[in-house]
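Last residue of the sequence shown? That's 282 in our numbering, and every number before it is there in order.
Note that CB positions come from ideal geometry on N, CA and C, so glycine has one too.
The structure appears below as structure tokens.
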Amino acid sequence: MPRLLSTTLRASMCATLHTPARNSQPTGPNRACVYVLARRDRRRFKLGWARSPMHRARQLPEFRRDELDLDGSRVIWLPTRPRAEQIERSMHKTLAPYRVDAEHRAAGSQEWFAGHAQDTALRMLGQMPLGESSHLTARVVRLTLPAPPADALTIAMSIETGPQETWWRLEDLFSRLVMHCRITVQEGDELVLTVHRLRLHTGPEMAELRRAALDADSYQCWRDGRPLAFVQIFSWQGDDLVLRMTPMKVLERWEDGAELAWQVRGFLARLKRQAPLRQMA
Numbered sequence: 002m003p004r005l006l007s008t009t010l011r012a013s014m015c016a017t018l019h020t021p022a023r024n025s026q027p028t029g030p031n032r033a034c035v036y037v038l039a040r041r042d043r044r045r046f047k048l049g050w051a052r053s054p055m056h057r058a059r060q061l062p063e064f065r066r067d068e069l070d071l072d073g074s075r076v077i078w079l080p081t082r083p084r085a086e087q088i089e090r091s092m093h094k095t096l097a098p099y100r101v102d103a104e105h106r107a108a109g110s111q112e113w114f115a116g117h118a119q120d121t122a123l124r125m126l127g128q129m130p131l132g133e134s135s136h137l138t139a140r141v142v143r144l145t146l147p148a149p150p151a152d153a154l155t156i157a158m159s160i161e162t163g164p165q166e167t168w169w170r171l172e173d174l175f176s177r178l179v180m181h182c183r184i185t186v187q188e189g190d191e192l193v194l195t196v197h198r199l200r201l202h203t204g205p206e207m208a209e210l211r212r213a214a215l216d217a218d219s220y221q222c223w224r225d226g227r228p229l230a231f232v233q234i235f236s237w238q239g240d241d242l243v244l245r246m247t248p249m250k251v252l253e254r255w256e257d258g259a260e261l262a263w264q265v266r267g268f269l270a271r272l273k274r275q276a277p278l279r280q281m282a
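Below is the structure:
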């Protein structure tokens, strides 16, 4: 993610917190969602809010022409329509440089963005707070799934941080750490990440990163009420923080695990390429 966009994204997310206090649980008919509606050709995507995202999709000429990838589209459910509208405005503002023309003037011709920004939009979606008084984020789910019922158990499950959202946050954490510390990747019987000399970085500019790197919750996610984790054990070896990752074959058995493992492998490969460069710097 470009550095300027990443900075803007964090500022935009913070701006969403300054709202009147509301119940952070999606209840009753007031619920609404923010959606990222994908096309099959990935040329562009639509970002908006709706009470019924499937109904909204069916109104579009792209739906009638079978141009939409509904299985690849995602939503988050919010407690109220005003909250959904607020997040939509925030994301539209951040993604404004990527606005594109829909190539028609029929219903739904607004709110389209360039396809190469779709991954950024999904990352943003997975990090938006449910409400002003809560640090909880809604799960990013397939657009084709029904809205979660308002019973207490399902509400609790709907606000869990799933594997995809957790991995995006870990990518961000490691990407920021590697700007200060060399990170090496050891593959084989065990998958091990080592953040070198982290213990020596005690300045205030590193406080947030150190806290996140040493918090077990940073590596944990949930799926249908079951805890999962990307890191099984982390410990100090001298001044280095050593993270023993969950094996790839285990990740692949998670729901949507093949796609997730592909993302993890790609990111770790980039870290391995960066390590020698930092060592020479």
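Using the DSSP secondary-structure output, state which residues sit across from residue i in a beta bridge.
i: residue 242; result: 196 and 237
i: residue 77; result: 35
i: residue 222; result: 229
i: residue 113; result: 47
i: residue 295; result: Nothing can be reported for residue 295, as the shown portion of the chain is limited to 2 through 282.
i: residue 72; result: Residue 72 pairs with nothing; no bridge assigned.
i: residue 40; result: 69
With residue i and residue j assumed to form a contact (beta carbons below 8 Å), what rounded beta-carbon distance in angstroms separates them?
i: residue 78; j: residue 139; result: 6 Å
i: residue 247; j: residue 268; result: Not quite, the Cβ-Cβ distance comes to about 14 Å (not below 8 Å), so this is no contact.
i: residue 35; j: residue 85; result: 5 Å
Which of helix, strand or coil does DSSP assign to residue i?
i: residue 187; result: strand
i: residue 107; result: coil
i: residue 102; result: coil
i: residue 120; result: helix
i: residue 142; result: strand
i: residue 266; result: helix
i: residue 52; result: coil
i: residue 9; result: Confidence at residue 9 is low in this model, with a pLDDT of 45, below 50, so the placement of that residue is unreliable and no value is reported for it.
i: residue 62; result: helix
i: residue 156; result: Bear in mind that a pLDDT of 47 at residue 156, under 50, signals an unreliable position, so the number given afterwards is only what the model happens to contain. Residue 156 falls in the helix class under three-state DSSP.
i: residue 149; result: coil
i: residue 130; result: strand
i: residue 274; result: helix
i: residue 252; result: helix
i: residue 261; result: helix
i: residue 125; result: helix
What first and last residue would you give for the alpha helix (DSSP H) that runs through residue i?
i: residue 170; result: 164 to 178
i: residue 85; result: 82 to 95
i: residue 201; result: Taken as a continuous stretch (DSSP letters only), residue 201 belongs to no alpha helix (DSSP H), as it is neither H nor E.
- Query: Between the segment 166 to 177 and the segment 59 to 76, are three or more C-beta pairs nearer than 8 Å?
  - Reply: Cβ pair count under 8 Å is below three, so no.
So, do the segment 142 to 151 and the segment 193 to 213 have three or more beta carbon pairs nearer to each other than 8 Å?
Short answer: they don't touch.
Q) Do three or more CB pairs link the segment 60 to 75 to the segment 89 to 96 at distances below 8 Å? A) Counting Cβ pairs under 8 Å, fewer than three are found: no touch.
Would the segment 183 to 195 and the segment 204 to 218 be scored as touching if the rule is three or more Cβ pairs under 8 Å? With the cut-off at 8 Å, the segment 183 to 195 and the segment 204 to 218 do not touch.
Just checking, does the segment 101 to 121 make contact with the segment 43 to 51 on the three C-beta pairs under 8 Å criterion? The answer is yes - the segment 43 to 51 touches the segment 101 to 121, with three or more Cβ pairs under 8 Å.
Margin query: Below 8 Å, how does it come out for the segment 176 to 188 and the segment 208 to 220: are there three or more Cβ pairs, yes or no?
Written below: Short answer: they touch.
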